[in-house]
Amino acid sequence: MLAECREHGHYRGKVCPVCKKEGKFLMDDREVKKLSGILIGILRHFPQQFGIKLDSHGWADIDEVCNAIKNKIDRFYWIRKKHVVALALTDEKERYQLREGKIRATYAHTIEVDLSDLPKADIDYLYYPVTEEEVDIVLEQGLLPTDRNKVHLSGTKEKAIEAGRIRVENPVLLQIDVRMAMEDGVDIRKAGKDVYIADKIDAKYISRVED
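Sequence positions in the sequence shown follow numbering that gives the first Met the number 0 and run 0 to 210.
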């Protein structure tokens, strides 16, 4: 459930995690999941299907997004700006940014957006999961985007393993030397809670994490 506590703001769950009181109901879990999927689609993949125009940095006007969703999907006739804001603020993966009445997704785009205004990576090492068959290829050729516009890296080994298990039961972890790469001019940005993005990572910055 998505709700709002008068004292402590938006939260997900039955009660406010701070004061343990019930807040004002905004959306149930099913509605949150459905709306999240719609927003991700608009902001990452197909804004034109909803008549939304993103600016060069991926920002969309929240009121326009709400109106577009209401006009296209009858079940969301009730959606207001407060619902989108609450969903974005409570997103556990920190996939969204809000600013001056606008919203954008910060990673996993398949459309071209300029994300160079995201904060630079402030971490020594990042991780990327591959299959055993892919190890030698990546160590020779480096990392390039696949189904998304950027290479997506994980901030911890645990998150990289979690991401890798979507494809294979026992992923192999590769480690990226962020400091060395950035000293050489590679642009790596922090795009989410544990997500970092880059245009590409050359092989010389990559090594295998040994068990």
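C-beta atoms are modelled at their ideal positions from N, C-alpha and C, and glycine is treated no differently.
Query	Result
Classify residue 19: buried if its beta carbon has 16 or more other beta carbons within 10 angstroms, exposed otherwise.	exposed
Closest to residue 54 by CA distance: which of 24, 32 and 110 is it?	110
Where residue 81 and residue 66 are concerned, what is the direct C-alpha to C-alpha distance, given to the nearest angstrom?	13 angstroms
Can you list, in chain order, the residues of its chain whose CB lies under 8 angstroms from that of residue 89, leaving out five sequence neighbours each side?	1, 9, 10 and 11
In terms of alpha-carbon separation, which member of 133, 115, 37 and 62 lies closest to residue 163?	133
Are the beta-carbon atoms of residue 150 and residue 192 separated by less than 9 angstroms?	no
Suppose you measure from the CA of residue 169 to the CA of residue 17; what does that come to, to the nearest Å?	38 angstroms
With respect to the beta strand (DSSP E) encompassing residue 174, which residues constitute its N-terminal and C-terminal limits?	171-176
Please list, in chain order, all residues of the same chain as residue 171 whose beta carbon is under 6 angstroms from its beta carbon, the five residues on each side excluded.	129, 131 and 134
Taking residue 57 and residue 103 to be in contact with their CB atoms under 8 angstroms, please state how far apart those CB atoms are, rounded to whole angstroms.	4 angstroms
Have a look at the DSSP bridge pairing and note the partners of residue 124.	176
Which same chain residues end up closer than 6 angstroms to residue 96 when comparing Cβ atoms and leaving out the 5 residues on each side of it in sequence?	103 and 105
Under 8 angstroms by Cβ, that's how I've got residue 126 and residue 155 pegged, so tell me the actual separation to the nearest angstrom.	7 angstroms
Under the three-state reduction of DSSP, which class applies to residue 67: helix, strand or coil?	helix
Would you mind working out which of 205, 92 and 64 sits nearest residue 83, comparing C-alpha positions?	64
Identify whether residue 55 lies in helix, strand or coil by the three-state DSSP scheme.	coil
Out of 42, 70 and 165, state which residue places its alpha-carbon closest to the alpha-carbon of residue 60.	42
Can you tell me whether residue 10 is helix, strand or coil according to DSSP?	strand
Relative to the C-alpha of residue 138, which candidate in 113, 174 and 157 has its C-alpha closest?	174
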